[in-house]
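>
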């Protein structure tokens, strides 16, 4: 989102990436369907900000030039809890479904009409100062996309996911793409070096994130593979029994 609020709402992940991560593998045991899951996440009353953060993400994706397949790959990248519902073939319909639920909720919490229907243009040519800042950060996001590797994520296509992230960063919003990238790093179980993690922390701060958006990738990393224990053995040289022919002097 542009001009992120200085509030607890961006201390942790937010928007569409937080929605994807909320679908744990057992969510269907606690909700009747996707709409019921949303109702569990967001109560009718409260600050409209977290709902507006979600709405802006969904509007950007729906109205973008991304293909349905690219949107689906970005959505799959948020599946860090292995439970996101599939949206292949209905990517924009899924956005409209969530928007049809989220817009009245935000308005019921006091949001203005324009805040649930419009959003500031971002890359490549948005005129606002926030858009200009995002353009300056786009190349950093593109560089970090190369950290993705096929260590995890099962059969999730690596190259196509990278391409979708690049397109999102270059043509939709580099901030939104960076959040999808953070999720993808967890989804693909990528181990971050201190150098790369430091770069991500600084980039997150430049986007206005709170302290725990980027560090989710660090805490989600699988633990280092333990070394095989060294087995100490006592070697006993067995008594050698040579055939008498071998002991007989010759010549």
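Residue numbers (the working numbering): 3 to 253.
Here a beta-carbon is modelled for each residue, glycine too, at the ideal position from N, C-alpha and C.
For clarity, every value in this text was computed on a predicted model and none was experimentally measured.
1) Here's the rule I'm using: 16 or more other beta-carbon atoms within 10 Å means buried, otherwise exposed. How should residue 214 be labelled?
2) With distances taken from CA atoms, which of 132, 195, 148 is nearest residue 175?
3) Check for me: the alpha helix (DSSP H) holding residue 121 runs from which residue to which?
4) If residue 183 sits next to residue 220, beta carbons under 8 Å apart, how far is it from one beta carbon to the other, in whole angstroms?
5) Identify every run of the alpha helix (DSSP H) within the region 175-231, keeping only runs that are complete inside it and at least 4 residues long; order them along the chain.
6) Measure the Cβ-Cβ separation of residue 189 and residue 79 and say whether it is below 8 Å.
7) For residue 71, tell me which candidate among 159, 173, 180, 209 has the shortest Cα-Cα distance.
8) Where does residue 115 fall in DSSP's three states?
9) DSSP three-state call for residue 157: helix, strand or coil?
10) Exposed or buried, residue 224, counting other C-beta atoms within 10 Å across all chains shown (16 or more means buried)?
11) Report the option in 138, 116, 178, 85 whose CA atom is closest to the CA atom of residue 66.
12) Helix or strand or just coil, what does DSSP make of residue 26?
13) Give me, in chain order, the residues of the same chain whose beta-carbon lies closer than 6 Å to that of residue 114; leave out the 5 immediate sequence neighbours on both sides.
14) Can you tell me where the alpha helix (DSSP H) holding residue 52 begins and where it ends?
15) Is it true that the region 134-146 meets the region 38-46, where meeting means three or more beta-carbon pairs spaced less than 8 Å apart?
16) Within the same chain, show all residues whose beta-carbon is closer than 8 Å to that of residue 227, passing over the 5 residues directly before and after it, in chain order.
17) Classify residue 187 as buried or exposed, calling it buried when 16 or more other Cβ atoms lie within 10 Å of its own Cβ.
18) How close, in whole Å, do the beta carbons of residue 257 and residue 100 come, if the pair is a contact with beta carbons under 8 Å?
19) Check whether the Cβ atoms of residue 15 and residue 218 sit closer than 8 Å, and answer yes or no.
20) Could you have a look at residue 78 and say whether DSSP puts it in helix, strand or coil?
21) State the Cα-Cα distance for the pair residue 106 and residue 200, rounded to the nearest angstrom.
22) Out of curiosity, what's the CA-to-CA distance linking residue 209 and residue 55?
23) Tell me the DSSP secondary structure of residue 45 in three-state form.
24) Could you give the uninterrupted runs of the alpha helix (DSSP H) lying entirely in the region 84-112, keeping only those of 4 residues or more?
Considering the structure as presented:
1) exposed
2) 132
3) Segment: none, residue 121 is in no alpha helix (DSSP H) and carries neither H nor E.
4) Here residue 183 is actually not in contact with residue 220; their C-beta atoms are around 14 Å apart, not less than 8 Å.
5) Considered as a whole, the region 175-231 harbours 176-189, 196-209, 217-222 as its complete alpha helix (DSSP H) runs of no fewer than 4 residues, in chain order.
6) Yes.
7) 159
8) coil
9) coil
10) Here the model assigns residue 224 a pLDDT of 47, short of 50, so the residue's position is not dependable, and the following value carries that caveat. Result: exposed.
11) 178
12) coil
13) Same-chain partners within the cutoff: there are none.
14) 51-65
15) no
16) The pLDDT assigned to residue 227 is 46, lower than 50, so where the model puts this residue is not dependable; a value taken from the coordinates is nonetheless given after this. Excluding sequence neighbours, residue 227 sits near nothing in its chain.
17) buried
18) Any answer about residue 257 is impossible in this case: the structure gives the chain only from 3 up to 253.
19) yes
20) helix
21) 40 Å
22) 14 Å
23) coil
24) Entirely contained in the region 84-112, the alpha helix (DSSP H) runs reaching 4 residues are, in chain order, 93-110.
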